[in-house]
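Sequences listed follow chains A and B, in order. When you read off a place in the first sequence, starting at 1, and then add 1, the result is the number in the numbering used here. When you read off a place in the second sequence, starting at 1, and then add 79, the result is the number in the numbering used here. Where is the CB? At the ideal position from N, CA and C, for every residue including glycine. Computed from a predicted model, the values in this text were never measured in an experiment.
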Amino acid sequence: MVKTMADVIKTATRDAYGKALVELGGKNEKVIVLDADLAKATKTIAFKKEFPERFFDTGIAECNMIGVAAGLATTGYTVFASSFAMFAAGRAFEQIRNSVGYPHLNVKIGATHAGISVGEDGASHQCCEDIALMRTIPGMTIINPADDVEARLAVLAAAETDGPVYLRFGRLATPRLFDENYKFEIGKGVELKEGKDVTIIATGLMVNEALIAAESLKADGIDARVINMATIKPIDKDIVIKAAKETGVIVTAEEHSVIGGLGSAIADVVCENYPVPVLKVGVEDKFGASGPAVEMLKIYGLTAENIAEKAKAAVALKK
Amino acid sequence: MDAAAKKQLEIKAIEVRKGIIEGTFNAKSGHPGGSLSVADIMTYLYFSHLNVDPANPKWEGRDRFVLSKGHTAPALYAALALRGFFSFDEIKLLRKPNAMLQGHPSMKSTPGVDMSTGSLGQGISTAVGMALGAKLSGDDFRVFTVLGDGEIQEGQVWEAAMYASAKGLDNLVAVVDNNNLQIDGTVEEVNSPYPIPEKFAAFGWNVIEICGNDFDEIDAAFTAAKEFKGKPTVIVAKTVKGKGVSFMENNCDWHGTAPNQEQYDKAMAELDAAMAALN
Chain A
2 MVKTMADVIK TATRDAYGKA LVELGGKNEK VIVLDADLAK ATKTIAFKKE
52 FPERFFDTGI AECNMIGVAA GLATTGYTVF ASSFAMFAAG RAFEQIRNSV
102 GYPHLNVKIG ATHAGISVGE DGASHQCCED IALMRTIPGM TIINPADDVE
152 ARLAVLAAAE TDGPVYLRFG RLATPRLFDE NYKFEIGKGV ELKEGKDVTI
202 IATGLMVNEA LIAAESLKAD GIDARVINMA TIKPIDKDIV IKAAKETGVI
252 VTAEEHSVIG GLGSAIADVV CENYPVPVLK VGVEDKFGAS GPAVEMLKIY
302 GLTAENIAEK AKAAVALKK
Chain B
80 MDAAAKKQLE IKAIEVRKGI IEGTFNAKSG HPGGSLSVAD IMTYLYFSHL
130 NVDPANPKWE GRDRFVLSKG HTAPALYAAL ALRGFFSFDE IKLLRKPNAM
180 LQGHPSMKST PGVDMSTGSL GQGISTAVGM ALGAKLSGDD FRVFTVLGDG
230 EIQEGQVWEA AMYASAKGLD NLVAVVDNNN LQIDGTVEEV NSPYPIPEKF
280 AAFGWNVIEI CGNDFDEIDA AFTAAKEFKG KPTVIVAKTV KGKGVSFMEN
330 NCDWHGTAPN QEQYDKAMAE LDAAMAALN
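This is the structure:
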């Protein structure tokens, strides 16, 4: 099921978002897509080309876009509102909270360009806070797919889910990890590799890094379990508690601040249910900076090497 | 509008005002000033203009109403209760634990509330979305929203105004309740939104200016808005904050203060006297 070779097909999850919207639009005439003058970058332009009558560009006004999405949702539409993560979750946080979250409306926020891998545009556009912000909204579902296959399935699943969903996509082309047999279910983590010494729970583009780390750890005699946690809310408690019990230590990996993201969500579950050490790989309470995406990921420690180091440190805590 | 219809609305408006005083008095909090200023417009909408069905509050063909200035929920609640969406007894439970009537409108808890509002500037965007949805579906329902004159200091209002005219949403009517007062003082002292009509005109809206406490003018404005095609309409309604309760009129201290027992008695006596004068 899982390919660990990093040199397979590379696609950005934002591309999969655009394609999935077209697929969805063909099946469901109640699907509407909004964008805030970023359709070429968020890839919603693919939907615009196929279904121009159901595509609305609200211009550079994200707060209004979210409100318009909420109003449209009350009239029976399933609305995908798209922008960069920074301007969706960040700028329009309170609109999402009050106009979408509080009335629990059928608005799906398609947030692209999340995290450090935005690259050259730099800190103003590298949103590493969006998961933390969205987690605090009651009833919000958060999905951060690991590859284009999962991104497509997440979009289709979001459309079938009642209420708000935050879909987190990346700009960078990343390796395809899954094939046509991959099963995605909102709220379910997926064990990609068995292991007994440590569990690496990763999300988004860090899932591939986690798989590479797990391979490298074999040389150190460490048998690492790898879990893909695409849905960050509601979090799959069962798979986390099982990992805590069976492997004794957990390492989390995300392209997001270590404050409030996947690592915090996992720590919440572990602390309350079966306390074991949880070490986090993520952006260490810093703003991003300009540079090529892959280099910036290295500079910020979002690498297989860093995951492996943390895994070794975690295993050492058991002795 | 004939004299009999106007008189019926004037009677109903006094009942709405009594509901506002009843609710805020029992809640020991809330926003009577702006509720009273907009009471005539709310009365007109729910008793003379909106196509709604209290027995079927989620009817898909209904006109939509969004109270963008959500803090004046007591006026909306009183109108909804009197129109039959729920029992008037609920008014006395306003803002209390487990009550249907939240401090600001909640579409999930109150029949007849079409959108949850309260954070200023957001309601108009949702109304724009509803109007866009109607156009897209070919539905002929219309969408109404009421904004405060202080509220239009929010930038999102102008994002929404720009988009509504860009989309030619002539099924949308916004009202600006221009009572000239906000929490910290007059709107001019705080951050002048004037001239309001010119601003909306520049954003591509059909603009109608009225006295918002006069049913003849209110009726003429909404009738004209219904006929107007090609642009959204804004009704800039000059109103008196605290209208109908003498000691609350034109005093920003009554923006977010509830009457005590003595003030409640005095306000109710004034409204009862006004009712007696009409009958």
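Measure the alpha-carbon distance for residue i versus residue j and round it to whole angstroms.
i, j, result
"residue 2 of chain A", "residue 191 of chain B", "With a pLDDT of 47 at residue 2 of chain A, under the threshold of 50, the predicted position of this residue should be treated as unreliable, though the coordinate-derived value follows. Going from the Cα of residue 2 of chain A to the Cα of residue 191 of chain B covers about 51 Å."
"residue 204 of chain B", "residue 28 of chain A", "28 Å"
"residue 37 of chain A", "residue 58 of chain A", "6 Å"
"residue 262 of chain B", "residue 159 of chain A", "42 Å"
"residue 65 of chain A", "residue 171 of chain A", "24 Å"
"residue 260 of chain A", "residue 98 of chain A", "20 Å"
"residue 315 of chain B", "residue 299 of chain B", "13 Å"
"residue 18 of chain A", "residue 297 of chain B", "48 Å"
"residue 82 of chain A", "residue 286 of chain A", "28 Å"
"residue 264 of chain A", "residue 91 of chain A", "20 Å"
"residue 201 of chain B", "residue 104 of chain A", "13 Å"
"residue 243 of chain B", "residue 339 of chain B", "42 Å"
"residue 143 of chain B", "residue 193 of chain B", "6 Å"
"residue 163 of chain A", "residue 106 of chain A", "8 Å"
"residue 80 of chain B", "residue 87 of chain B", "11 Å"
"residue 351 of chain B", "residue 323 of chain B", "11 Å"
"residue 193 of chain A", "residue 167 of chain A", "24 Å"
"residue 104 of chain B", "residue 331 of chain B", "18 Å"
"residue 129 of chain B", "residue 149 of chain B", "19 Å"
"residue 274 of chain A", "residue 196 of chain B", "38 Å"
Check whether the Cβ of residue i lies closer than 7 Å to any Cβ atom in chain A.
i, result
"residue 207 of chain B", "yes"
"residue 212 of chain B", "yes"
"residue 345 of chain B", "no"
"residue 187 of chain B", "yes"
"residue 82 of chain B", "no"
"residue 233 of chain B", "no"
"residue 328 of chain B", "no"
"residue 123 of chain B", "no"
"residue 242 of chain B", "yes"
"residue 239 of chain B", "yes"
Less than 7 Å between CB atoms is the rule here; does residue i satisfy it with respect to chain B?
i, result
"residue 68 of chain A", "yes"
"residue 303 of chain A", "no"
"residue 99 of chain A", "yes"
"residue 29 of chain A", "no"
"residue 90 of chain A", "no"
"residue 107 of chain A", "no"
"residue 2 of chain A", "Only weak support is given to the placement of residue 2 of chain A: the predicted model assigns it a pLDDT of 47, under 50, and the value that follows is read from those uncertain coordinates. Cβ-Cβ to chain B under 7 Å: no for residue 2 of chain A."
"residue 162 of chain A", "no"
"residue 39 of chain A", "no"
"residue 73 of chain A", "yes"
Kindly indicate which residue of the options has the alpha-carbon position closest to the one of residue i.
i, options, result
"residue 119 of chain A", "A:175, A:149, A:151, A:150", "A:175"
"residue 271 of chain A", "A:306, A:258, A:261, A:239", "A:239"
"residue 309 of chain A", "A:65, A:221, A:234", "A:221"
"residue 161 of chain B", "B:183, B:94, B:186", "B:94"
"residue 125 of chain A", "A:110, A:88, A:150", "A:88"
"residue 354 of chain B", "B:97, B:254, B:247, B:189", "B:97"
"residue 255 of chain B", "B:220, B:217, B:295, B:320", "B:320"
"residue 139 of chain B", "A:73, A:63, A:129", "A:73"
"residue 296 of chain A", "A:47, A:121, A:32", "A:121"
"residue 287 of chain B", "B:155, B:264, B:276", "B:276"
"residue 153 of chain A", "A:294, A:22, A:286", "A:22"
"residue 172 of chain B", "B:106, B:293, B:332", "B:106"
"residue 75 of chain A", "B:207, B:100, B:199, B:109", "B:207"
"residue 246 of chain B", "B:226, B:282, B:269", "B:282"
"residue 150 of chain A", "A:189, A:139, A:180", "A:180"
"residue 1 of chain A", "A:157, A:86, A:204", "Residue 1 of chain A lies beyond the stretch modelled for chain A, which goes from 2 to 320, so this question has no answer here."
"residue 12 of chain A", "A:148, A:156, A:77, A:79", "A:148"
Can you name, in chain order, every residue of its own chain whose Cβ lies under 8 Å from the Cβ of residue i, other than the five neighbours on each side?
i, result
"residue 7 of chain A", "Here residue 7 of chain A scores only 49 on pLDDT, less than 50, and its place in the model should not be relied on; the value that follows carries that caveat. Correct list, in chain order: 176, 209, 213."
"residue 181 of chain B", "152, 174, 188, 189"
"residue 267 of chain A", "202, 230, 236, 241, 251, 253, 279"
"residue 55 of chain A", "26, 30, 32, 33, 34, 48"
Output needed for residue i: all residues of its chain with C-beta closer than 7 Å, excluding positions within five of it in sequence on either side, in chain order.
i, result
"residue 69 of chain A", "35, 59"
"residue 301 of chain A", "117, 284"
"residue 198 of chain A", "223, 224, 225, 248, 316"
"residue 250 of chain B", "210, 213, 214, 221, 222"
Report all residues from its chain with a CB closer than 6 Å to the CB of residue i; omit the five preceding and five following residues, and keep chain order.
i, result
"residue 16 of chain A", "44"
"residue 255 of chain A", "204, 207, 262, 263, 283"
"residue 163 of chain B", "133"
Discussion item. Short of 9 Å Cβ to Cβ, which residues in the stretch 190-205 of chain B face chain A?
Written reply: 193, 194, 195, 196, 197, 198, 200, 201, 202, 203, 204, 205
Worksheet item: Of the residues that make up the stretch 47-63 of chain A, which ones have a beta carbon closer than 8 Å to any beta carbon in chain B?
Response: 54, 55, 57, 59, 60, 62
Worksheet entry | Interface residues of the stretch 103-133 of chain A facing chain B [CB-CB below 8 Å] | 103, 104, 105
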